[in-house]
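What follows is a set of notes on a single structure, which appears directly below.
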Amino acid sequence: MDFQLSEDQESLQAGVRSFCDGHFPVETLRELEYRGYDAALWAELAELGVFNLRLAEAEGGIGLGTADAVIVFAELGRRLVPGPLVWTHLAAELVPGAGDGKTVVGGLDLCGAEREPLLVEHLADLDRLIVLRPDSVSCVDASALNAEPIEVPLDPLTPVHHLAELPEGESLGGTELAERLRLAGCTLASAQLLGLAEASHELAVEYAKGRKQFGRAIGSFQAVKHILADMFVRLEVARAAVYAAGATLDDPGVGDAARAAGSAKLVAGEAALQNARACIQVHGGMGYTWEVPVHYYLKRSWVLASVFGGAEEHAEALARCVELDARAPGTSL
Amino acid sequence: MDLRYSKADEEFRAELRAWLEKEVPAHGSPPAISDWAKRRSYDTGWQRKLYEAGYAGINWPAEYGGRDASLTEQLVYYEEIARARAPYIGVNFVGILHGGPTLIAEGTPEQKARHVPYILNGEQIWCQGFSEPGAGSDLAALQTRAEKRGDHYLVNGQKIWCSFAHAADYCELLVRTDPDAPKHRGISWLILPMDADGIEIRPLRTLAGEGEFSEVFLNDVKVPIENRVGEENDGWRVTNVTLRFERGTAFASEMIQLQQYVRDLIDLSKRVERNGAPAWKDPELRRKIGHFSAELDALWAMVKLSVCQSSKTGVPGLGGSAIKLFYSELYQRIAEFGIELLGRARLSREDVAGLPSQALLQRAMQSLSLTIAAGSSQIQRNIISERILGLPKEPRP
């Protein structure tokens, strides 16, 4: 066991972080409002390996694992990189051109409790749409879809369309593939949520160090610094859960992958939401403005909390999972 | 980023598990909480068995008789101890987790020879004399005075929250040796024999009715100079070696036990009725349990992450504060959930109508100390925000 970032993973993280810091400063995000996707940036993300990261080398990919992918997706989340990143990444092994960014693939997860209304993210920019159902995976030509754009989406960087109907599409696989994709999607969305929790935390700490009231930095007051300490704890709990999910998906021998992914989604989802709220609180009135970017973090967290299983769904599934464990020997009260 | 235990780790697990499966049932049930004599012999008897089997001092260096297990073997050890529901470390806690490691790090060869082997085999019980009525979170404000008188210190003062004082042979005692120096620079660390003249122990009644804490009054107690660990007035640094250990993996087995506790609560929820159906049928209750499980799994992953990272430095890092803070507050939430599940049976501290009131209420009440002891949650938040996040300190007088 060596449960920490390897040297390669540290340099992967540093590389993606510097790319994201350079390409997605807040000013750039403003320009992408109500568009979200940008073709030139998409090509650069593909060049960086975001989509073909886990694709085998023999198939033109980089051949890395989910543990590596969570590191990358946490960085993408931290800088709010927009677009159907997870779906195109998942499609790398299924849809020609997805891995190298030539085909933009979105998706719709119809496995969970939250299905209706049928809202598709980034539809205007999609070539293909993957539809996950509990027992099937299908692929639909996105240009043929009958959909109405939503004029004002929640997340300014995640435009959405309302689908009137969903055609059958081409079948890509059954239950097994659906489960595998959903597990990976859940883990990568958790990683993005981890990145958002980190972004809110960083922004709040920076503000608390600089902002002065009563003649001193507000971060010197315990009422404020304890909020920041709690944000740190939520962030580190989420980091451990997300890394563990990545490592468990790569090596199912070390644990129950569904349990690890579900725990990560639950814990990271909560960290992202609560840290965004706390960040707003630390900013006071400024936190309530459009100018401070924390509202993007909060809105993206709300979006990601709804994909690949919401908190209630995961909590219920985890309880069932532990219940099976409870039948193991050695328990009594 | 690899979570797989090595073949050697798994061999260690199999060997330890087989030993525990034999020895844990043979050791019998723990005695009543109030029966100190029996608790001492029960806890030290278990320590002796661990020692004889080569499992005592799992993280201690081999030259001091410890197992010197790798960090991952230590994780396996904590997992298996919890899984087997092995006896709690109990009265051995201070010696094994604080006193022993401190002596190993800072003691003289004579001090080590006199104490370390006997802490390890369960013959010496230690207690902690750190806090005072006027020095809690502000530990460095302690005022128990030690004046040098020839070959000994003359100690006067009062200590509080001394765990296991009634059962202890020795006390890790913090005293002020230079009242004129800045508060952190006038403290020394002494080994206090608990049978010395002038020591009065008064048990404290905790909110649980009984417990392991006492007040200790020291009146003209003579402590030989040779009992000082580290240099005179360097006790604060010596102490911090201990405190870091306390926040590291000291609670590792309890974290795993908490996972078992949640499984026990599932069993219980199937036996308890709510609105004419087993409580387990309530989706809201199930989601609470699922939520606890996610947090506990994340906590254990956090311990693994921290342990693997500290393997670089050899000392538990500051991240221990985040682990301790999260663990203690999570523990309280889970214990509170146990009371919810008891329903009206919570009115009885004895088991009633087949429900485990005694254990659940005991756990819930004891859990209240976790966010106070070993650095309160507020102190942990100060440590995190000032030492990890680099926020400015609050102005101090």
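The listed protein sequences derive, respectively, from chains P and A.
Under our numbering, the residue at position 176 of the first sequence is numbered 176, and the numbers go up by one with no gaps.
Under our numbering, the residue at position 325 of the second sequence is numbered 325, and the numbers go up by one with no gaps.
Ideal placement from N, C-alpha and C gives every residue a C-beta, glycine not left out.
Cα separation between residue i and residue j?
| i | j | result |
| --- | --- | --- |
| S263 of chain P | A146 of chain A | 52 Å |
| S6 of chain P | P109 of chain A | 39 Å |
| G346 of chain P | S6 of chain A | With chain P covering 1 to 333 only, the question about residue 346 of chain P has no answer from this structure. |
| D8 of chain P | A252 of chain A | 30 Å |
| P31 of chain A | H98 of chain A | 25 Å |
| A78 of chain A | D325 of chain P | In the sequence as displayed, the identity of residue 78 of chain A is Tyr instead of Ala. Distance between the alpha carbons of Y78 of chain A and D325 of chain P: 19 Å. |
| G195 of chain P | A98 of chain P | 24 Å |
| I266 of chain A | I81 of chain A | 22 Å |
| A305 of chain P | G269 of chain P | 6 Å |
| D230 of chain P | L325 of chain A | 9 Å |
| V137 of chain P | L296 of chain A | 33 Å |
| Y64 of chain A | P117 of chain A | 7 Å |
| R320 of chain P | K288 of chain A | 12 Å |
| G150 of chain A | R381 of chain A | 43 Å |
| H115 of chain A | G100 of chain A | 8 Å |
| T331 of chain P | L188 of chain P | Unreliable placement is indicated for T331 of chain P, whose pLDDT of 38 sits below 50; no coordinate value is reported for it. |
| L181 of chain P | L172 of chain P | 12 Å |
| R205 of chain A | E212 of chain A | 9 Å |
| V294 of chain P | R17 of chain P | 19 Å |
| P329 of chain P | G83 of chain P | Bear in mind that a pLDDT of 44 at P329 of chain P, under 50, signals an unreliable position, so the number given afterwards is only what the model happens to contain. In a straight line, the C-alpha of P329 of chain P is about 47 Å away from that of G83 of chain P. |
| A74 of chain P | L318 of chain A | 23 Å |
| W189 of chain A | S163 of chain A | 17 Å |
| D100 of chain P | G255 of chain P | 32 Å |
Residue i lies in the beta strand (DSSP E); which residues open and close that run?
| i | result |
| --- | --- |
| E121 of chain P | 119 to 121 |
| R145 of chain A | 145 to 149 |
| A178 of chain P | A178 of chain P -> not in any beta strand (DSSP E); alpha helix (DSSP H) instead, spanning 175 to 210. |
| K222 of chain A | 213 to 224 |
| W60 of chain A | No beta strand (DSSP E) contains W60 of chain A, which DSSP labels as neither H nor E. |
| V160 of chain P | 160 to 163 |
| K159 of chain A | 152 to 163 |
Apply the 10 Å Cβ neighbour rule to residue i and answer buried if 16 or more other Cβ atoms are within range, or exposed otherwise.
| i | result |
| --- | --- |
| E290 of chain P | One detail in the question is off: residue 290 of chain P reads as Trp in this sequence, not Glu. Burial call: exposed. |
| N219 of chain A | exposed |
| T239 of chain A | buried |
| M255 of chain A | buried |
| M286 of chain P | exposed |
| N275 of chain A | exposed |
| K225 of chain P | buried |
| A92 of chain P | buried |
| R387 of chain A | exposed |
| E27 of chain P | exposed |
| P134 of chain P | exposed |
| T158 of chain P | buried |
| F130 of chain A | buried |
| Q213 of chain P | exposed |
| G28 of chain A | exposed |
| R216 of chain P | exposed |
| K393 of chain A | exposed |
| L85 of chain P | buried |
| Y42 of chain A | buried |
| Y214 of chain A | Note on identity: in this sequence residue 214 of chain A is Ser, with Tyr being the wrong assignment. So S214 of chain A ends up on the buried side. |
| V282 of chain P | buried |
| G390 of chain A | exposed |
| V152 of chain P | exposed |
| G157 of chain A | buried |
| T175 of chain P | exposed |
Please list the terminal residues of the continuous alpha helix (DSSP H) segment that includes residue i.
| i | result |
| --- | --- |
| R83 of chain A | 71 to 83 |
| V262 of chain A | 252 to 271 |
| N146 of chain P | From DSSP, N146 of chain P is part of no alpha helix (DSSP H); its letter is neither H nor E. |
| Y170 of chain A | Counting along the chain, Y170 of chain A falls outside any alpha helix (DSSP H), though it belongs to the beta strand (DSSP E) covering 170 to 176. |
| S263 of chain P | 257 to 283 |
| E200 of chain A | First-last for E200 of chain A: 199 to 203, but that is the beta strand (DSSP E), not the alpha helix (DSSP H). |
| L298 of chain P | 294 to 305 |
| L249 of chain P | 222 to 250 |
Is there a Cβ from chain D that is less than 9 Å from the Cβ of residue i?
| i | result |
| --- | --- |
| T248 of chain P | Reference to chain D is not applicable here, since the protein chains of this structure are P and A. |
query: Given 8 Å as the limit, is there contact between the stretch 12 to 20 of chain A and the stretch 79 to 93 of chain A, that is, 3 or more CB pairs closer than that?
result: With a cut-off of 8 Å, the stretch 79 to 93 of chain A and the stretch 12 to 20 of chain A count as touching, because enough Cβ pairs lie within range.
field: Runs of alpha helix (DSSP H) wholly within the stretch 92 to 125 of chain A (minimum 4 residues, chain order)
entry: As far as the stretch 92 to 125 of chain A is concerned, its whole alpha helix (DSSP H) runs of at least 4 residues are 100 to 106, 109 to 120.
message: Quick check: the stretch 273 to 280 of chain P against the stretch 226 to 244 of chain P, are at least 3 beta-carbon pairs closer than 8 Å?
response: Judged by Cβ distances under 8 Å, the stretch 226 to 244 of chain P makes contact with the stretch 273 to 280 of chain P, as three or more pairs qualify.
- prompt: Do the stretch 175 to 188 of chain A and the stretch 130 to 149 of chain A touch if we need at least three Cβ pairs shorter than 8 Å?
  reply: Touching, yes.
Validate contact between the stretch 117 to 130 of chain A and the stretch 40 to 57 of chain A using beta carbons, cut 8 Å, 3 pairs: Because the criterion of three Cβ pairs below 8 Å is met, the stretch 117 to 130 of chain A and the stretch 40 to 57 of chain A touch.
field: Three or more C-beta pairs below 8 Å linking the stretch 182 to 193 of chain A and the stretch 332 to 343 of chain A
entry: Inter-segment contact for the stretch 182 to 193 of chain A and the stretch 332 to 343 of chain A is absent: fewer than three beta-carbon pairs are separated by less than 8 Å.
- prompt: If you scan the stretch 8 to 90 of chain P from start to end, which runs of the alpha helix (DSSP H) of 4 or more residues do you find wholly inside it?
  reply: Restricted to the stretch 8 to 90 of chain P, the alpha helix (DSSP H) segments that are unbroken, complete and at least 4 residues in length are 26 to 31, 39 to 48, 66 to 78, listed in chain order.
Secondary structure, alpha helix (DSSP H): runs of 4+ residues fully inside the stretch 300 to 352 of chain A: Listed in chain order, the complete alpha helix (DSSP H) runs (minimum 4 residues) inside the stretch 300 to 352 of chain A are 320 to 342.
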